[in-house]
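In numbering that gives the first Met the number 0, the protein residues as written are 0 to 462.
Have a look at the structure below, then the notes.
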Amino acid sequence: MGNKYDLTVIGGGPGGYVAAIRAAQLGLKVAVIEDKQMGGTCLNRGCIPTKSLLHSSEVYQTAKTGLDFGIVVGDVQFDFGKIIAKKDSVVKRLRSGIEFLVKKNGATIINGLGYIKDKNTIEVTGKEPQTITTDKIIIATGSRPSRPPIPGLDSEKVLDSDSLLDLKNCPDKLVIIGGGVIGIEFATVFNSLGKDVTIIEMMDEILPGVDSEISSTIRKSLLKKGIILYTSSTVLSIETKKETECVFKTNNVEQRETCDLVLVAIGRKPNSEGIGLENIGLVPEKGFINVNDKLETSVPGVYAIGDVTGKVMLAHVASAQGLIAAANVAGIAQRMNYSVVPGCIYTSPEIATVGMTEAEAIKQGNKVKVGRFPVSANGKSMIMGETEGLIKIVTDETTGEILGTHILAPRATDMIAEMCLAMKLESTVEEISNTIHPHPTVSEIIMEAAHDVEGLCVHKPRN
């Protein structure tokens, strides 16, 4: 039968398409159902397009400071339309690549919305309506931006992270509701392009969950760059009578911020409605689908991966889950381990973390030793003219085990993999400090911080 598959994946995002390819590589007949575009949120409305905008804004800033490096560039300007076109070009190319890879590995892409009739039957509506018979199912339906119940959010002047990426013109003044990862990254984009940005955050600090030294340092950096920050503040309404105003309360005082656009960036919620979970007895918890460490739900043969599970809502985690789920579907027993998961925030400078913060390590009863090193003392960073930031390595005082690493530095997101591998291999901090790092590179700060754990850092002044 043409519509009979060993595995059907609902959702073609970074979890779904990876699961489909791996399952096909393991010899299964696989279909992946996608109702929008292959690549999911990450490729089309998240990771890739936002980083393209960030890189364009970074290039603009570099060009503006060219004279600092002896380069005369004259009056530097940007073309927002071409910035968007560059973003769209990258997304289109990567999307085509994913579609090619899925098909080349023998999996079938079905355009439409998948609805589970029972654990072995999926009804597809949309572009390619059909009924599919399947032995196993992987649910990889992802998530979407959350919108709080604030009066005025239905205005066309209020955008979420999806719709902001479709802008045709660059706003001169942007108010961002939410000081988490999404809000801070978009603030970095528009601030780097010379625009006015205000962030309103409900919590006491921006970037909750990030090590306090890192978050306080990036906060100072954002303020220095001219971004206005309100923490411990509550948005009351959005008013658009004559001009767009964000009405909020901070320190029990009502204030108003006039702007061109408002971005709502308060997090994401799972896409678990309307896919037929009730037909197989699956009851989501706050919208999230519970799974075990094999990524299997309470219904045998039905798996779930990615944001819809609510485990760790990151694209690289979804992909890792996809590999594990595909292996288990194919009869190869594997279990998901979340002990070493890197987190990256594309600010300027970048933030990258893995493992426990210092506070978390202490709270769990560990006796810790911490090594630190300032980016300002790194030669390559001086050459680049990017000397803000620091690195912290949190270790167990007795064993030297690396409990966590937190980096605020240029290229931090490219460097964190070293510490992920070190933690995965259970390396000690002494082994890191004894590893020769290339010079001059920003990555030397890892070695320097490792030396500092024992107070033996050559390039850091003693207190």
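Where a beta carbon is used, it is the ideal one built from N, C-alpha and C, also for glycine.
### Contact check, A62 vs V71, beta carbons under 8 Å
It is not a contact, given that the beta carbons lie outside the stated cut-off.
### Query
For the candidate residues E256, L276, G45, whose alpha-carbon lies nearest to that of L163?
For L163, the closest alpha carbon among the candidates E256, L276, G45 is that of G45.
#### Entry: Inter-residue spacing [alpha-carbon to alpha-carbon] between H436 and H405
Using only the alpha carbons, I get a separation of about 18 Å.
### Query
Can the beta-carbon of L262 be found less than 8 Å from the beta-carbon of I350?
In this structure, L262 sits away from I350, with a CB-CB distance that is not shorter than 8 Å.
### Limits of the alpha helix (DSSP H) - the one that G403 falls within
It is not in any alpha helix (DSSP H) - G403 instead sits in the beta strand (DSSP E) that spans 401-408.
#### Entry: Cβ neighbours of A421 in the same chain (closer than 7 Å, five flanking residues each side left out)
A distance below 7 Å between beta-carbons, with the five flanking residues on each side excluded, links A421 to the following residues of its chain, in chain order: I401, I431.
#### Entry: Inter-residue spacing [alpha-carbon to alpha-carbon] between P128 and Y345
About 40 Å.
### Message
I'd like to know whether the C-beta atoms of S271 and P13 end up nearer to each other than 8 Å.
### Response
Cβ distance not < 8 Å, so S271 and P13 don't count as in contact.
### Message
Please identify the residue among I227, P409, I265, A303 whose C-alpha is closest to the C-alpha of E468.
### Response
In the structure displayed, the chain extends from 0 to 462; residue 468 sits before or after that span and is not available.
### Query
Nearest to N289 by alpha carbon, out of V301, T308, E359?
Closest option to N289, Cα to Cα, is T308.
### Inter-residue spacing [alpha-carbon to alpha-carbon] between G454 and E357
Taking the straight line joining both Cα atoms gives about 17 Å.
### Query
Does the beta-carbon distance from F77 to L192 come in below 8 Å?
It is a contact, given that the beta carbons lie within the stated cut-off.
#### Entry: Contacting residues, own chain, Cβ-Cβ under 6 Å from S231 (five flanking each side not counted)
Close CB contacts of S231 within its chain, under the 6 Å cut and outside five residues either way in sequence, are with D203 (chain order).
### Message
Rounded to the nearest angstrom, what separates M383 and C343 at their Cα positions?
### Response
A straight-line Cα-Cα distance of about 21 Å links M383 and C343.
### Query
Straight-line CA distance for K485 to N2?
Past the boundaries of the shown model lies residue 485; the chain is included only from 0 to 462, so the question cannot be answered.
### Query
Just curious, the beta strand (DSSP E) that Q76 is in, first and last residue?
It is not in any beta strand (DSSP E) - Q76 carries neither H nor E in the DSSP assignment.
### Query
Span of the beta strand (DSSP E) holding I431?
No beta strand (DSSP E) holds I431; the alpha helix (DSSP H) holding it covers 428-432.
### Query
Cα-Cα, which of Q60, I213, S211, D34 is closest to G141?
Of Q60, I213, S211, D34, the residue nearest in Cα terms is D34.
### Query
Under 8 Å, do K172 and K194 count as touching if we go by C-beta distance?
Yes, they are a contact pair.
### Own chain residues within Cβ distance below 7 Å of P373, not counting five before or after
The answer, listed in chain order, is L389.
### Rounded separation between V493 and K240 - CA only
With the chain running from 0 to 462 in the structure shown, residue 493 is simply not present.
### Task
Report the option in D161, K310, M418, A325 whose CA atom is closest to the CA atom of P341.
Nearest of D161, K310, M418, A325 to P341, Cα basis: M418.
### Query
Between D292 and Y4, what straight-line distance do the alpha-carbon atoms span, to the nearest angstrom?
Cα-Cα distance, rounded: 24 Å.
### Query
Could you give the distance in angstroms between the alpha-carbon of D451 and the alpha-carbon of R267?
Counting only the Cα atoms, R267 lies some 39 Å from D451.
### Query
Going by C-alpha distance, which of K368, E387, V369 is nearest S375?
Closest by alpha carbon: E387.
### Message
For T133, count the other beta carbons within 10 Å of its own beta carbon; 16 or more makes it buried, fewer makes it exposed. Which is it?
### Response
It counts as buried.
### Task
Determine the burial state of M0: buried for a count of at least 16 other Cβ atoms within 10 Å of its Cβ, exposed for fewer.
Low local confidence applies: a pLDDT of 47 at M0 is under 50, so the model's placement there is unreliable, with the coordinate-based value given in what follows. It counts as exposed.
### Message
With DSSP as the reference, identify every bridge partner of V8, one or two as the case may be.
### Response
Looking at the DSSP assignment, V8 forms a beta bridge with V31, I137.
### Task
Could you pull the start and end residues of the beta strand (DSSP E) that G370 belongs to?
Bounds of the beta strand (DSSP E) holding G370 are 367-373.
### Task
Determine the extent of the beta strand (DSSP E) in which A325 is found, giving its start and end residues.
Where A325 is concerned, there is no enclosing beta strand (DSSP E), although the alpha helix (DSSP H) it sits in stretches over 314-328.
### Query
Going by other Cβ atoms of all chains shown within 10 Å of its Cβ, with 16 needed for buried, is Y337 buried or exposed?
Y337 sits exposed, since fewer than 16 C-beta atoms from the chains shown fall within 10 Å of its C-beta.
#### Entry: Backbone CA spacing between T124 and K28 [nearest angstrom]
Across the structure, T124 and K28 are spaced so that their CA atoms are roughly 21 Å apart.
### Message
One question on the structure: do T197 and V174 come within less than 8 Å of each other, judged by their Cβ atoms?
### Response
With a cutoff of 8 Å on beta-carbon distance, T197 and V174 are scored as near each other.
### Task
Can you say whether M381 is buried or exposed, counting buried as having 16 or more other CB atoms within 10 angstroms of its CB?
Within 10 angstroms of the beta-carbon of M381 lie fewer than 16 other beta-carbons, which makes it exposed.
### Task
Could you check the C-alpha separation between R403 and G208 for me, to the nearest Å?
Looking at the sequence provided, one finds Gly at residue 403 rather than Arg. Approximately 13 Å between the Cα atoms of the pair.
### Task
Give, in chain order, every unbroken run of the beta strand (DSSP E) that is at least 3 residues long and sits entirely within the region 135-173.
Correct list: 142-144, 157-159.
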